[in-house]
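*Asks:* Okay, handing you the structure first.
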Amino acid sequence: MVPAILRQAFLMANPATVMALDADANGGLVSRLYLLRHARAGWALPGVRDFDRPLDASGVADAEMMGALMRIRNYSPDLTLCSNAKRARQTLEGLALEGLAGHTDTGRVLFFDTLYSQDAAGYLAAIRDNGGPGSGWPDSLLVIGHNPMTEDLALALSGDGDEAARGLLNYGFPTSGLAVVRFPGNLANAAQGAGYLEAFMTPADP
0 MVPAILRQAF LMANPATVMA LDADANGGLV SRLYLLRHAR AGWALPGVRD
50 FDRPLDASGV ADAEMMGALM RIRNYSPDLT LCSNAKRARQ TLEGLALEGL
100 AGHTDTGRVL FFDTLYSQDA AGYLAAIRDN GGPGSGWPDS LLVIGHNPMT
150 EDLALALSGD GDEAARGLLN YGFPTSGLAV VRFPGNLANA AQGAGYLEAF
200 MTPADP
């Protein structure tokens with residue numbers, strides 16, 4: 000295990016490296032789950048379904064900012080599960096946009112209509128179904144979804160975590176918010192209370 004003092008100083012600069020060191024020390028796999036609520040969307044125009052609501056201008060900017068923050072922190076999912084709703088797909092596009100710091104790799108992407116309509120239990124089932132051998136045992140997985148499901152799942156999975164991150168999450172899960180939850184073992188076995196809330200980020204973070 001990485002000593003606590005070294006972890007605190009190094010984690011913000013390179014969280015992926017700390018996770019790898021922990022995995023080596025524990026003799027087992029450590030996986031990471033990224034839970035991202037879609038960016039801010041505009042109100043539906045007459046005749047437009049809620050499913051088809053696009054991002055507004057601030058939502059587009061926020062999605063691009065979250066992509067930049069993910070690049071800075073070396074958050075690179077092996078696999079992305081994205082709601083098929085238009086605002087979620089556009090959030091994914093914003094994350095992956097080429098920026099000054101380079102390109103945000105979102106890994107292989109799968110789209111699901113069910114991430115628009117299912118509850119937190121449905122989200123967890125999708126994570127488990129895609130966190131095992133059928134998807135190549137991904138070490139990290141990003142879910143781009145909706146509230147209240149994203150918030151409910153982040154709270155349910157995080158049995159422990161960074162004090163500041165837990166405080167922010169308990170205050171609410173805004174659009175473009177990103178919860179980073181770490182698990183021992185693979186994501187096919189992700190369970191309520193088994194995760195550690197490593198970070199909670201919004202576009203307002205430096």
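Numbering (numbering that gives the first Met the number 0), first residue to last: 0 to 205.
Positions of the beta carbon are idealized from the N, C-alpha and C atoms, including for glycine.
These numbers were taken from a predicted model, which means no experiment stands behind them.
Could you check if Asp128 is buried or exposed, using at least 16 other CB atoms within 10 Å of its CB as the buried criterion?
*Replies:* It is exposed - the Cβ of Asp128 has fewer than 16 other Cβ atoms within 10 Å.
*Asks:* Measure from the alpha carbon of Thr201 to the alpha carbon of each residue in Ala187, Leu168, Arg181 and Leu186, then state which is nearest.
*Replies:* When each option's Cα is compared against that of Thr201, the closest is Leu168.
*Asks:* For the beta strand (DSSP E) that contains Asp159, what are its first and last residues?
*Replies:* It spans Ser157 to Gly160 - the beta strand (DSSP E) in which Asp159 sits, taken as one unbroken run.
*Asks:* For the region 92 to 132, which segments carrying the beta strand (DSSP E) assignment without a break, of at least 3 residues, lie completely within its bounds, in sequence order?
*Replies:* Counting only runs of 3 or more, we get 107 to 111.
*Asks:* Could you check which residue in Ser157, Gln191 and Met148 has the C-alpha nearest to that of Leu114?
*Replies:* Checking every option, the nearest Cα to that of Leu114 belongs to Met148.
*Asks:* How about Arg36 and Phe172: are their beta carbons less than 7 Å apart?
*Replies:* For Arg36 and Phe172, yes; Cβs fall inside 7 Å.
*Asks:* With Leu230 as the anchor, note down where its alpha helix (DSSP H) starts and where it stops.
*Replies:* The chain is shown only over 0 to 205; residue 230 falls outside these bounds and no answer can be derived.
*Asks:* At the level of alpha carbons, what is the spacing between Ala203 and Asn185?
*Replies:* Computed Cα separation, rounded: 31 Å.
*Asks:* Just list the residues that DSSP pairs Leu80 with in beta bridges.
*Replies:* Per DSSP, Leu109 and Val142.
*Asks:* Considering only C-alpha positions, which residue in the set Gly121, Ala164, Asp159 and Gly166 is nearest to Leu152?
*Replies:* Cα-wise, what sits closest to Leu152 is Gly121.
*Asks:* Mapping DSSP to helix, strand and coil, what is Ala198?
*Replies:* Three-state DSSP puts Ala198 in a strand.
*Asks:* Could you pull out every residue in the same chain whose Cβ sits closer than 7 Å to the Cβ of Ala198, ignoring the five residues on either side in sequence?
*Replies:* These residues qualify, in order along the chain: Asp161, Ala164 and Val179.
*Asks:* Grab me the residues of Trp136's own chain with a C-beta within less than 7 Å of its C-beta, minus the 5 sequence neighbours each way, in chain order.
*Replies:* Hits under 7 Å: Asn185.
*Asks:* Using only the alpha-carbon positions, how far apart do Phe182 and Val59 sit?
*Replies:* Rounded to whole angstroms, Phe182 to Val59 spans 31 Å at the Cα level.
*Asks:* DSSP three-state label for Leu32, please.
*Replies:* If DSSP states are grouped into helix, strand and coil, Leu32 belongs with the strands.
*Asks:* For Asn83 and Thr105, what's the separation of their Cα atoms in angstroms?
*Replies:* Cα to Cα, the separation comes out at about 16 Å.
*Asks:* Please report how far the alpha carbon of Gln89 lies from the alpha carbon of Ala187, in whole angstroms.
*Replies:* The alpha-carbon atoms of Gln89 and Ala187 are separated by roughly 27 Å.
*Asks:* What's the C-alpha gap between Cys81 and Ala40?
*Replies:* Using only the alpha carbons, I get a separation of about 16 Å.
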